[in-house]
Each structure stands twice: as C-alpha cells, then as structure tokens.
Amino acid sequence: MQDKVMTFLERHGLSQATLSRSIGVSGSAISQYLKGKYKGDVGTLEEKLGNFMKNYNPSSRDQAETRVIATANMQLSHFIINELIVSKKMGAIYGSAGCGKTTMIREFVKTHPEAIVIEAVPGMQMSTVLSEIANKIGVQSQKNMTRMVKDIAKKLTMQEAVLIVDEAENLTTSTLESIRRIWDFSDTPTVLVGTYALLSNLKGRNGELLQLNSRIARKVEFSPMLEEEWEALFGDVHKEISRITTNLRIAKNLYETAERFAKLKGEEVMAGHIKAVLPTVMIDN
Numbered sequence: 006m007q008d009k010v011m012t013f014l015e016r017h018g019l020s021q022a023t024l025s026r027s028i029g030v031s032g033s034a035i036s037q038y039l040k041g042k043y044k045g046d047v048g049t050l051e052e053k054l055g056n057f058m059k060n061y062n063p064s065s066r067d068q069a070e071t072r073v074i075a076t077a078n079m080q081l082s083h084f085i086i087n088e089l090i091v092s093k094k095m096g097a098i099y100g101s102a103g104c105g106k107t108t109m110i111r112e113f114v115k116t117h118p119e120a121i122v123i124e125a126v127p128g129m130q131m132s133t134v135l136s137e138i139a140n141k142i143g144v145q146s147q148k149n150m151t152r153m154v155k156d157i158a159k160k161l162t163m164q165e166a167v168l169i170v171d172e173a174e175n176l177t178t179s180t181l182e183s184i185r186r187i188w189d190f191s192d193t194p195t196v197l198v199g200t201y202a203l204l205s206n207l208k209g210r211n212g213e214l215l216q217l218n219s220r221i222a223r224k225v226e227f228s229p230m231l232e233e234e235w236e237a238l239f240g241d242v243h244k245e246i247s248r249i250t251t252n253l254r255i256a257k258n259l260y261e262t263a264e265r266f267a268k269l270k271g272e273e274v275m276a277g278h279i280k281a282v283l284p285t286v287m288i289d290n
C-alpha cells in the first residue's frame, strides 16, 4: 500500500502535506506510514488513503485552490507560527468568523507536514480532543486523561511538531488546561486559532486559566483585508462584493455562485451576475 500511495503522489504531483490535509491526519502520520513506522491505527489510515485516491478529482482540487492569496493576515500569521516553532512557545491567532483563519492554516500545512491540526467543534469533550491528538501522533488512547496527557507529551518531545487547534474558542476549560500541560511537559509549539471569544476563554470564567494565558507569547489579530487583496481575489467585481459583505467566506461563496451563473450564459462574471445571484446567498455580517 505504501508503494501505491507514493506512486499516486508522484503521478498527480501532490505533496505529503496536501495528502495529510485532505484526509485529516497529521503530516508526520503520513511520513511515518510511508516509511513503515506508523504506530497508530494502520487499517483506518489505509481506508482514508484508499478512499482519497479512489475519489480524487484533479480539476475539483485546482478549482478549489485558485482563489487563495497570501494576504497580509496570512503572511503575519505564518511568520508568528514560525516564531513560535523556533522559540517553542504558545500563541493565539484570532479574528471574526469567516475572515480566512482556516485557509491560513491550510496554506501553512502545505509546507509544514510536521503540523498536527485539530479542529474543535462545540461540545467537544476533553477525551475526544486528546484522543485525536494521540491518534495523529501514534499514541494509544486511554481512559485515564492524566496518563494520556503525559503519554502525548512524551511522544511529542521526540518529534519536531507544531500543534495547531482551529476553532479553539470551542475548547472547554478542562481541555485548554490539558493543552497547557502538554506544552509544559513537552515544549511543543502550540497555536490556538479562533474567534474573539478565544481571548476571554484563555483566562477562564473565574480566572482559573491564568497560567495558560500567561504562556501565550505571541498573538495575531486578523485585520480587514486591503483593497488590493479584494481585487486579487475577485477581480473587476471586487468593489461590488466588498460593498455587500466584508466577510471573506461569504464573499467567496457569493463570487463562486455568480461565476457559475455567468458560465451558464457563456460570459465572464460581472457586477450584473453578482446582483442576480445575491438573493440566493445568505448574507449575514
């Protein structure tokens, strides 16, 4: 199976980082697997690899990645993450929902297969988060959370990794404390990415996370995009779109809908197409 995956990557010109991001595992897991050293659930990993290769569509991938540009927010965030890697510190990156934080992470992972990325969701329990981290680095999950934190930290001390948690505002107080302890035990560079709610969560409701907050060495706030960045993304219709919404996620959805509508007419996307599809797109800043 390893040879089949390597051949697939070479044939399609894909990196291990792109593959790991596409199937939701860490770059180190892919690297270890291809070297025959993966300690995690090989069966589950091979199932994900098989499904990805079976359903891979180069044209869909190319289309999905055409409108990613290195915005000022992205460049600063990548710089700070690299600073955290060098100094082995913790940091926070925050901004409004839909401003491009997740895209920033995906672009970073493309050139950093050692990144371990976890996406938190509302109601996600500490055991689930720790199990995800454990699975991605090849550590056996346990019912004893204290033991699992120590096992994860021990394994991370043997790896050149950076832990990135997206949607981190959804982490519970106990989970944030566990991530702080993992950092304390391992010095693994850790980046918490989320909305503005993350900032208050880092202190805890009653100040119970002040130790965690004191360990945040760097932070980045996503600023509004520059006009030239809107133009780079949306061309001649960028002003029309920016008047409607300043939310990047909504703007991309609006543009892509208008672009498909224009294509049906055999036309290039114009302001008229934006106006035509506007009633069909949810706009809520």
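Okay, so the sequence shown: first residue is 6 according to my numbering, each after it adds one.
Where is the CB? At the ideal position from N, CA and C, for every residue including glycine.
Everything numeric in this text was worked out from a predicted model, so none of it was measured.
| query | result |
| --- | --- |
| DSSP bridge partner residues for Ala166 (one or two, in chain order) | None; Ala166 has no bridge partner. |
| Collapsed DSSP secondary structure at Glu261 in the structure displayed | helix |
| Cβ-based neighbour list, Glu112, same chain, cut-off 8 Å, excluding 5 preceding and 5 following | Val73, Ala75, Met79, His83 |
| Terminal residues of the beta strand (DSSP E) in which Gly45 lies | Where Gly45 is concerned, there is no enclosing beta strand (DSSP E), given that its DSSP letter is neither H nor E. |
| Touching by the beta-carbon criterion (3+ pairs, under 8 Å), the segment 144–158 and the segment 96–115 | no |
| Val47 burial status per 10 Å Cβ neighbour count (16 or more: buried) | exposed |
| Cβ-Cβ distance between Asn140 and Gly199 below 8 Å | no |
| Euclidean distance between Cα positions of Lys155 and Lys280 | 56 Å |
| Enclosing alpha helix (DSSP H) for Ile246 [first to last residue] | 243–249 |
| Closest Cα partner of Ala276 within the set Ile288, Phe239, Asn252 | Phe239 |
| Cβ-based neighbour list, Glu213, same chain, cut-off 7 Å, excluding 5 preceding and 5 following | Thr178 |
| Cβ pair Thr251, Pro229 closer than 8 Å | yes |
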